[in-house]
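*Asks:* Got a structure for you, questions after.
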Amino acid sequence: MKLSFRLNGKAIALECEPADTLAEVLRNTLNLNGTKVSCEVQVCGACTVLVEGVPVSACTYLAYEARDKNVTTIEGLEKSDGTLHPLQQAFIDEFAFQCGYCTPGMIMSAKALLDENPKPTRDEIIHHMDGNICRCTGYVPIVAAIERAAEAIAKESKK
Amino acid sequence: MSAEKKTDFQVVNHSLPRRDGRVKVTGKAQYVADLKLIGMAYAKVLRSPYAHAKILSIDKSRAEAHPGVHCVVTGFDLDGINPYYGHAVKDHPLLAIDKVRYAGESVAAVVAVDERTAFEALELIEVKYEELKAIFTPQEAAAKDAPLLHQRQFEAGALRGFEGDVTAGKGSNICQSHKIQWGDVDKAFKEAAAVIEGEYYFPMTYAYAMEPYVAIADVNYQEVTIYSSAQHPFMVRHDLKSVFNLPVSSVRLIVPFVGGGYGSKSYTKIEPLVAACSWKAKRPVKLQLTVEEAMLTTRSDDAYTWMRTAVDANGKIIARQAKIMMNTGAYAENSPLVVEKSTNRCVGPYAIANVLIENSSYYTNTVPASSYRGFGCAQVTLPGESQIDELAAKIGKDPYEFRLANAAKPGEEFFPGMRPFDGTLKEDLETAAKAVGWGKPLEKNHGRTVAVSGSDAGAYPLTSTAIRVHADGSVTIMTGSTELGQGSHTVLPQIAAEELGVPFEKVRVVSSDTAITPYDRSTGASRTTTLMGSAVLEASRDAIQQMVVMAADVLKVKPEQIQAVRGGVRCGEAQLSWSEVICKFYALPDGEVIGRAYIRKSGKFSALPVFWEAAATGCEISVDEETGKISMEKLATVGDVGLAINPALAEGQDIGAATMGMGIGLFEELIYEGSQLVNGSILDYRLPRFSDLPKQVELHLVQNQDGVGPYGAKGGGEASLNSMAANIANAVDQAVGVRIRQAPLTPERVWRALKEKKA
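Chains as they are written, first to last, in numbering that gives the first Met the number 0: chain U, 0 to 158; chain D, 0 to 758.
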């Protein structure tokens, strides 16, 4: 079947199977490997991408459901001049990852939060991020990174 | 003590940002799951529904006729290779041969054009089984009428990691036995002022590396190339060379970024199977396990421990005795070493005059157990540190003071035949106690505890490296250490930059390609900073020495007249950077100098363990008496790391380890009901999440430069896990007065214990 949608701001048209998940289309058809797959049952959050700004688990989200919609993946966050998104920079500055396998999904979930709620409390961060698992960091630096990114975004918008 | 105590560090001991930061936050970091080879096919595995059964026949004709299927491989198709592997005990067939030994064991593999086709063809394979009596616990395995899981004789693998023989294959279900003994335990217990005795259970746990096991094999007529998520590529190479009977040089393991390991990716896992698939299919083959399959591949050893500990009238610990039965599952994997280590780790970090520890692991019809972060230490620290608190209570001492009084002291030879203790437990404990507010009033139903562990690190000193200094002054480190997230790609360049005086940004790491990078035994047991770090330091100095001689050559003076300075050399008024030395030496602006180092069990590395991995943890918890639910109010980690090459990374390892330990203390446990693992999915296996974050966290490092590693560094990253379950059990006792001798302390277990106490 034919499928078209907007991926990181660009129009995409491709052929896919009805049973293909969005993760399969991104990784296998489009060779965009930034979106990681782990549990495949919507528990771990590693495959999180944004569809119309809403976080979804690409491992179980059927690709055709994204038709004509705006899809954002980790590859869409870096600016063309190489500037990182404040969340990406904050994850580096706070050592908020180790193996890095959960990181793209973690950053995409956090982006959905900050887009909706630019000044989240610690409890709001914890509540929103509870669907993303990290086995390396103990979450402490991730919370710090999201708080730091929120501050950076607030500063930037004041300029 | 360390030979050199340098303090004016330029690069080392600074929390520089991770070298792999940008690629990991942009999704560009490549893991094996992301790789594709031209002409690559995909494999899927058929697994046994039975825990113990004879394989009578396998009919694969319908599966092989399925469109898109290249071939189906079974245990009957392995003539021409040596299908059994295992670095300690060669007991593991790459696919079940003649019988299956656990539910979930690999029985056949389909190789097809894509994963979906391979998956569809699995159900076209017809296997006829004859079920056999199965055993699931060490107690069942030790029974007289127990079926024997392995009938074959085994030779001990040369790379098993310990000096004794292996016990496996000697006519019982014992996989490995180990015993340590000194003093007179019976006499000491008779003379004791107080004794605590108890039975404990530490559960099977699953590491959940978020990247499940994955490998791509390309086997042609004389060479084997494998891309794998393995932690120890050189150990896997050793197994593969034996499976295919090839020279070492014909087997190449390549490991890109690894998506978490925690011990679960140490040693050989799916690589022989994928290689056999490629050998049969005559093309590259990728096998990517699901998380559910990964849970059927490796777990930690669960342990049943009986332990008693005695003190004299002065509050000195005078004796400890334990009998441990561990459950290693269907195959030995690395459990023989886990047995040795858990035996040793019953003692530390206390100086005890009379010790007797007897430990055996048993083969059972369950998922094979192997390395898991902490390596047998957490299993015995739950009993050990629980008894320390219980003893303190019994003799009316503060458990923190009691620990201080008995902990091994710096330089003390508290374990006969081993390296004297190289940590400072007093400072570790003081720091942890202060962090959790020791001595301050506690609210109702709150408990506050500290605990310690000291492990004889399993890091075996066999490591080599090459450092290439290029003509522009930039540097490439060739290392066999794998980047699992622990930060080797950051820490090793920091050491090279410190030594060579070149900017950190100009040092690159090439890692874990056995055809290119020099030999490193493994990436585990917290060894990389200490051993590979030492190799990088020595190789950097070797390169400097060579460049001093080169500088003498180009300046036409004697080498003695050349003085190495930061980033180059000086000779009288003349000063040359490394780049200038190399360019002048070759008379072209290109070329390189290669420094190298070989680390072996010799010199400062001759005493084992190479270091004692020590840490203290502290916590404050609260217990909801209605539900039995435990909340983590405060958590403190104190890593006794000698010197942190990168403090932020060292602290990150500690909080990561402590969180895993907290998971085991609170809810992590693989559960068998009969022959089946009943919570073998991430839907059912409870992991720590954001909402489990302790309300307050403090991370501390103790840095006395007392290790044998670079600048006095020692390993870290496991120790904060080891004492967490005991800490939680002790804190629950303090909070609500119930002693639970089993992890995890689930709400149900706490609630039942409270109910029993009231009744």
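Just so you know, even glycine gets a beta-carbon here, dropped at the ideal spot from N, CA and C.
1. Kindly confirm or deny that the region 8 to 25 of chain D and the region 91 to 100 of chain U touch, where touching means at least three C-beta pairs closer than 8 Å.
2. Whole angstroms are fine: how far does the CA of D:E498 sit from the CA of D:D471?
3. Would you be able to state if there are at least three C-beta pairs under 8 Å between the region 537 to 557 of chain D and the region 488 to 502 of chain D?
4. Find out if the Cβ-Cβ distance for the pair U:A45, U:L25 is shorter than 8 Å.
5. Relative to the C-alpha of D:P709, which residue among D:T658, D:A643 and D:V749 is closest?
6. If the criterion is Cβ atoms closer than 8 Å, does the pair D:S525 and D:G714 meet it?
7. In whole angstroms, give me the CA-to-CA distance for D:L441 and D:L148.
8. Could you pull out every residue in the same chain whose Cβ sits closer than 6 Å to the Cβ of D:K603, ignoring the five residues on either side in sequence?
9. Less than 8 Å between the beta carbons of D:Y261 and D:R100, yes or no?
10. With H, G and I counted as helix, E and B as strand and the rest as coil, what does DSSP make of U:I152?
11. As a quick exercise: from D:V284, D:T464 and D:E429, pick the residue whose alpha carbon is nearest that of D:T448.
12. For D:S690, return the contacting residues in chain U, with the cut-off set at a CB-CB distance below 7 Å.
13. Using a Cβ-Cβ cut-off of 8 Å, state whether U:T71 counts as contacting chain D.
14. Considering just the uninterrupted stretch of the beta strand (DSSP E) at U:I106, what are its terminal residues?
15. How is the alpha helix (DSSP H) around D:Q138 delimited, first residue to last?
16. Give, in chain order, every residue of the region 405 to 435 of chain D whose Cβ lies closer than 8 Å to some Cβ of chain U.
17. Apply the 10 Å Cβ neighbour rule to D:N172 and answer buried if 16 or more other Cβ atoms are within range, or exposed otherwise.
18. Assign D:S1 to one of two classes, buried (16 or more other C-beta atoms within 10 Å of its C-beta) or exposed (fewer than that).
19. Using beta carbons (cut-off 8 Å, strictly below), is D:G26 in contact with chain U?
20. List, in chain order, every chain D residue whose beta-carbon is nearer than 7 Å to that of U:Y63.
21. Could you list which residues in chain U have their beta carbon closer than 7 Å to that of D:I681, in chain order?
22. Please classify D:E755: does DSSP put it in a helix, a strand, or coil?
23. Determine the direct distance from the alpha carbon of D:V696 to that of U:P119, and round the result to whole angstroms.
24. Using the Cβ count rule (16 or more neighbours within 10 Å means buried), how would you classify D:T475?
25. Note down, in chain order, each residue of its chain lying with its Cβ closer than 7 Å to the Cβ of D:L698, except the 5 sequence neighbours on either side.
26. Whole angstroms is fine: what's the gap from U:A144's alpha carbon to D:W278's?
27. Check each candidate in D:E400, D:R115 and D:F188 and name the one with the smallest Cα separation from D:N353.
28. What separation, rounded to the nearest whole angstrom, lies between the Cα atoms of D:Y49 and D:L676?
29. Less than 8 Å between the C-beta atoms of D:T527 and D:S480, yes or no?
30. Is the shortest distance between the beta-carbon of U:E74 and the beta-carbons of chain D less than 8 Å?
31. For the region 284 to 330 of chain D, which segments carrying the alpha helix (DSSP H) assignment without a break, of at least 4 residues, lie completely within its bounds, in sequence order?
32. Thinking just about the alpha-carbon of each residue, which of U:A22, U:P54 and U:H127 is nearest to the one in U:A62?
33. Given a limit of 7 Å on CB to CB distance, which residues of the region 11 to 23 of chain U reach chain D?
34. Would you verify that the beta carbon of D:A377 is, or is not, closer than 8 Å to some beta carbon of chain U?
35. Buried or exposed for U:F4, going by 16 or more other Cβ atoms inside 10 Å?
36. When the Cα atoms are used, what is the spatial distance from D:E624 to D:V640?
*Replies:* Put simply:
1. Pairwise C-beta distances place the region 8 to 25 of chain D in contact with the region 91 to 100 of chain U, as three or more of them are shorter than 8 Å.
2. CA-to-CA, the gap between D:D471 and D:E498 works out to about 17 Å.
3. As far as the Cβ criterion goes, the region 488 to 502 of chain D touches the region 537 to 557 of chain D, which means the pair count is three or higher.
4. No, they are not a contact pair.
5. Residue D:A643 is the option with its Cα nearest to D:P709.
6. Contact: yes.
7. Those two C-alpha atoms are separated by around 52 Å.
8. The beta carbon of D:K603 sits closer than 6 Å to those of V707, all from its chain and outside the five residues before and after it, given in chain order.
9. Between D:Y261 and D:R100, the CB-CB gap reaches or exceeds 8 Å.
10. Residue state, collapsed to three classes: helix.
11. Checked all of D:V284, D:T464 and D:E429; the closest Cα to D:T448 is D:E429.
12. Per Cβ cutoff of 7 Å: I125 and D129.
13. Not closer than 8 Å to any Cβ of chain D, the Cβ of U:T71 fails to qualify, so no.
14. Under the DSSP assignment, U:I106 falls outside any beta strand (DSSP E), being part of the alpha helix (DSSP H) whose first and last residues are T102 to E115.
15. Taken as a continuous stretch (DSSP letters only), the alpha helix (DSSP H) holding D:Q138 covers P137 to A141.
16. With the criterion set as a beta carbon lying under 8 Å from some beta carbon of chain U, the region 405 to 435 of chain D has no members that meet it.
17. Buried, because 16 or more other Cβ atoms sit within 10 Å of the Cβ of D:N172.
18. Here the model assigns D:S1 a pLDDT of 42, short of 50, so the residue's position is not dependable and the matter cannot be decided.
19. It does: the Cβ of D:G26 has a partner Cβ on chain U nearer than 8 Å.
20. Under the 7 Å cutoff, chain D gives no residues; its nearest Cβ is about 17 Å from U:Y63.
21. Against D:I681, the close residues of chain U are C38, V40, V42 and C43, in the order they occur along the chain (beta-carbon pairs closer than 7 Å).
22. Helix at D:E755.
23. Each residue's CA atom was taken as its position, placing U:P119 and D:V696 some 20 Å apart.
24. By the neighbour-count rule (16 or more Cβ atoms within 10 Å), D:T475 is buried.
25. Excluding residues within five positions, the ones whose Cβ falls inside 7 Å are T636, E650, D653 and I654.
26. Between the alpha carbons of U:A144 and D:W278 lies a distance of about 47 Å.
27. Nearest of D:E400, D:R115 and D:F188 to D:N353, Cα basis: D:F188.
28. So the two alpha carbons sit approximately 11 Å from each other.
29. Yes, Cβ-Cβ distance for D:T527 and D:S480 is below 8 Å.
30. Output row for U:E74: interface = yes.
31. Those alpha helix (DSSP H) runs which fall completely within the region 284 to 330 of chain D and span 4+ residues are 290 to 294.
32. When only C-alpha atoms are compared, the closest one is U:A22.
33. Residues: none.
34. Chain U contact via Cβ: absent.
35. With 16 or more Cβ atoms within 10 Å of its Cβ, U:F4 is classed as buried.
36. The straight-line gap separating the alpha-carbon atoms of D:E624 and D:V640 is approximately 38 Å.
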